[in-house]
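According to full-length UniProt numbering, the stretch in the sequence shown is residues 1 to 288, in order. Here's the structure, in structure tokens; my notes come after.
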Amino acid sequence: MKTQNLVATGADAGAEGTVGSPPPRDVVVGVDGSRTALSAVSWAAREARTRGAPLRIVHAAPYLGEPGSRSAASPELPRARRIAAVAYTVARHTAPGTAVSTTIDPGGPVPALLRAAAAGQLLVLGISTTGAVDELVLAAVVQKVSARSTQPVVAVPRTHPERTPGRPVVAILGLGDTADDRAVAAFAAAAARRTGRGLAVLQTRAGGAAQADGWAGQFPDLAVAYRSMPGAPGVDLLDAAGPTPLLVLTTGHAGRFHRSLDGLHRWLLRHSTSPMALVPSRQETGAS
């Protein structure tokens, strides 16, 4: 199913690449009309501004029906447009100088978000697991998309600390292979540089204590704190990490199809009060 750009709105001021370079790809955020999604929109707008990138808001609306299946527009189209418009307003209020566009995709949430993510540089989704049925469905969407996306996915809790003065960006290593560790650390270090923060590395791999100097040496421009936590459970990792402006880890998968996040990842998604970035496995993306 092809994406339909039923709603597309741009801001006057936008992100532009340097002369001779391609413009930056979109930061993409998924919305469903919930407060949780609007919290993610605010986070994504700030992130897009920090990256100097445009923001693309995507609303998956399978309730509109198959494209071309009706001669007239779906009677539900005004509902979809309202959801996109509210998210657009939140984004423009949060980051006035950032170019914002909105897309309504009549496909299901998972395929629609995966399509949008593939064309962007980052996908942002809201998550809340208070036990409400709709929020449990939202959590399932976040898990499925995170496990399959070729781009990093940031899960933003409905309630998260907006200000964490002095707190570093945190990278959790050891949940994949060594190439995954490098990708996670590089993503976290880039986030730390953009926001002027330090970097904390939590190594869960056995024998990690001997790697402290090596990781600090890779990022001489950052204040790096290293902690060896071999085999640490999720509760200990969150205690060591939080609160943090961003928690970064790999999806940890070697295969690409018929996958799901493992128990630790699902536990962290359920219990983290900090935004959590899931970086695709280097094996999955074909990177060396």
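The beta carbon of each residue, even a glycine, is placed where N, CA and C say it ideally should be. Computed from a predicted structure; not experimentally measured.
Over what stretch of residues does the alpha helix (DSSP H) that includes residue i continue unbroken?
i       : result
Leu-113 : 109-119
Tyr-88  : 77-94
Gly-234 : 234-241
Thr-36  : 35-51
Among the options, which residue has its Cα nearest to the Cα of residue i?
i       : options                               : result
Glu-162 : Pro-233, Trp-43, Val-248 and Ala-155  : Trp-43
Val-124 : Gly-108, Pro-106 and Ser-146          : Ser-146
His-59  : Ala-85, Ser-39, Pro-75 and Ser-272    : Ala-85
Lys-144 : Arg-158, Ile-172 and Pro-111          : Pro-111
Gly-166 : Ala-200, Ser-21, Asp-262 and Arg-35   : Ala-200
Pro-23  : Ala-119, Leu-238 and Thr-36           : Ala-119
Ile-57  : Leu-64, Ser-39 and Gly-65             : Ser-39
Leu-222 : Ala-179, Arg-193, Gly-234 and Ser-228 : Arg-193
Trp-267 : Ala-179, Ser-128 and Ser-21           : Ser-128
Under 8 Å Cβ to Cβ from residue i, same chain only, skipping five residues before and after it: list those, please.
i      : result
Thr-95 : First, the residue type needs correcting, since residue 95 is Ala and not Thr in the sequence shown. So the qualifying residues of the chain are Ala-45, Arg-46, Ala-48, Arg-49 and Leu-55.
Which whole-angstrom value is the C-beta distance of residue i and residue j, which I expect to be below 8 Å?
i           : j       : result
residue 308 : Tyr-226 : Any answer about residue 308 is impossible in this case: the structure gives the chain only from 1 up to 288.
Ala-232     : Thr-204 : 5 Å
Leu-269     : Ala-139 : 7 Å
Ignore the nearest five residues each way along the sequence and tell me which others in residue i's own chain have a CB closer than 6 Å to its CB.
i           : result
Ala-206     : Pro-230
residue 364 : Residue 364 is absent from the structure shown; the chain starts at 1 and stops at 288.
Val-27      : Ala-44, Glu-47, Ala-48, Ala-53, Leu-55 and Leu-122
Can you tell me where the beta strand (DSSP E) holding residue i begins and where it ends?
i       : result
Asp-262 : Note, Asp-262: premise wrong, no beta strand (DSSP E); not H, not E.
Ignore the nearest five residues each way along the sequence and tell me which others in residue i's own chain have a CB closer than 7 Å to its CB.
i       : result
Ser-149 : Leu-114, Ala-117, Leu-123 and Pro-280
Buried or exposed, going by whether 16 or more other CB atoms sit within 10 Å of the CB of residue i?
i           : result
Ser-101     : buried
Gly-196     : exposed
Thr-244     : buried
Ser-71      : In this prediction, Ser-71 has a pLDDT of 49, which is less than 50 and means its spatial position is unreliable; what the coordinates show is noted afterwards. By the 10 Å Cβ count, Ser-71 comes out exposed.
Leu-278     : buried
Asp-236     : exposed
Arg-282     : buried
residue 289 : Nothing can be reported for residue 289, as the shown portion of the chain is limited to 1 through 288.
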